[in-house]
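Numbering-wise, the sequence shown is residues 631 to 878 according to my numbering. Cβ coordinates follow ideal geometry from the N, Cα and C atoms, glycine included.
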Amino acid sequence: MRTLTSCCIAALLAGCGDLEVRSIPGEQTVSSSLLGEWRGTWQSDLTGDHGEIVLRLQEFRGEPVVSFALDNPCLTPDRYDLVLSGGALSLESEGVPVVAGSLVSATRIAGAFGCAGDEGTWFADRIGGLPELVDLAGSWSGHVALGGAGNQPVEAVLEQRVEGGRLVLDASLSAQGLWPTPVPMTGPVIFRADGFDVHLASDPALQPEFLLLGMGEREPLAIPDAQLFVLSTAAGVGLQLQVTLEPN
Numbered sequence: 631m632r633t634l635t636s637c638c639i640a641a642l643l644a645g646c647g648d649l650e651v652r653s654i655p656g657e658q659t660v661s662s663s664l665l666g667e668w669r670g671t672w673q674s675d676l677t678g679d680h681g682e683i684v685l686r687l688q689e690f691r692g693e694p695v696v697s698f699a700l701d702n703p704c705l706t707p708d709r710y711d712l713v714l715s716g717g718a719l720s721l722e723s724e725g726v727p728v729v730a731g732s733l734v735s736a737t738r739i740a741g742a743f744g745c746a747g748d749e750g751t752w753f754a755d756r757i758g759g760l761p762e763l764v765d766l767a768g769s770w771s772g773h774v775a776l777g778g779a780g781n782q783p784v785e786a787v788l789e790q791r792v793e794g795g796r797l798v799l800d801a802s803l804s805a806q807g808l809w810p811t812p813v814p815m816t817g818p819v820i821f822r823a824d825g826f827d828v829h830l831a832s833d834p835a836l837q838p839e840f841l842l843l844g845m846g847e848r849e850p851l852a853i854p855d856a857q858l859f860v861l862s863t864a865a866g867v868g869l870q871l872q873v874t875l876e877p878n
């Protein structure tokens, strides 16, 4: 068994960006005309600086799943509200629009950005759809590989939701032969064209700390090769175990 330090785990679990986007369930939905991946450029009216902009919009259970990459002084790591109205969208900070745009054609969004440090315009063209979001909620079972000691049965109950514009899994992981009670874990799930990635972590304030990193397959639905890390902060080292999970 290999060991892994807590700082390495933190790097593995780092998110895909520092922007958190909120929406209000039941009050905002994503227009089908906005769904997909959009790429373009922004340009500052004050400095002439410019750069790439990437917008990805999907929907899960009526809530937006969004990724927005715009590297300029107006969009800093923070929490933003996503406001959607037909073919228009805006990112707001404390009620003030920072980035706003709307459809000017079926394949182009154009708009403006502004803040105390900069202002300018942007556009993005639709380059295609995004991988389907699969609901992983339900009961899963499998085993933990223990090398020469054989396999130990493991079970997980998953719930999937949107938090901060990202898909999140809540899990309860049980293996009675290895730990006495179910371990609650949470973390992002990211869907790719050929599968999905799960990054689950228990509360770091509770010891030992459990971390589950895995690559899932869509067809048949399964997580055939996940790595479970059981860490002890006091000892500074931990165990790395192989886990397989399939929906029941």
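Asked, Found
"Three or more C-beta pairs below 8 Å linking the region 829-849 and the region 734-745", "no"
"For residue 877 and residue 816, the rounded distance between their alpha carbons", "18 Å"
"Whether residue 761 touches residue 821 by CB criterion (8 Å)", "yes"
"Buried or exposed by the 16-neighbour rule on C-beta atoms within 10 Å, applied to residue 796", "buried"
"Closest by C-alpha distance to residue 692, when choosing among 787, 665, 810 and 759", "665"
"C-beta atoms of residue 787 and residue 802 nearer than 8 Å", "yes"
"Beta-carbon proximity of residue 754 to residue 742, cut-off 8 Å", "no"
"Three-state secondary structure assigned by DSSP to residue 660", "coil"
"Residue 846 to residue 856 span [Cα, whole Å]", "8 Å"
"For residue 814 and residue 656, the rounded distance between their alpha carbons", "Because residue 656 carries a pLDDT of 37, less than 50, the predicted location of this residue cannot be relied on, and the following value inherits that uncertainty. Cα to Cα, residue 656 sits roughly 28 Å from residue 814."
"For residue 874, three-class secondary structure by DSSP", "strand"
"Closest Cα partner of residue 775 within the set 690, 663 and 872", "872"
"Span separating the alpha-carbon of residue 751 from that of residue 830", "38 Å"
"Nonlocal neighbours in the same chain, by C-beta distance under 7 Å from residue 758, ignoring five residues either side", "666 and 667"
"Reference residue 824, options 842, 851, 809 and 806, closest by Cα", "851"
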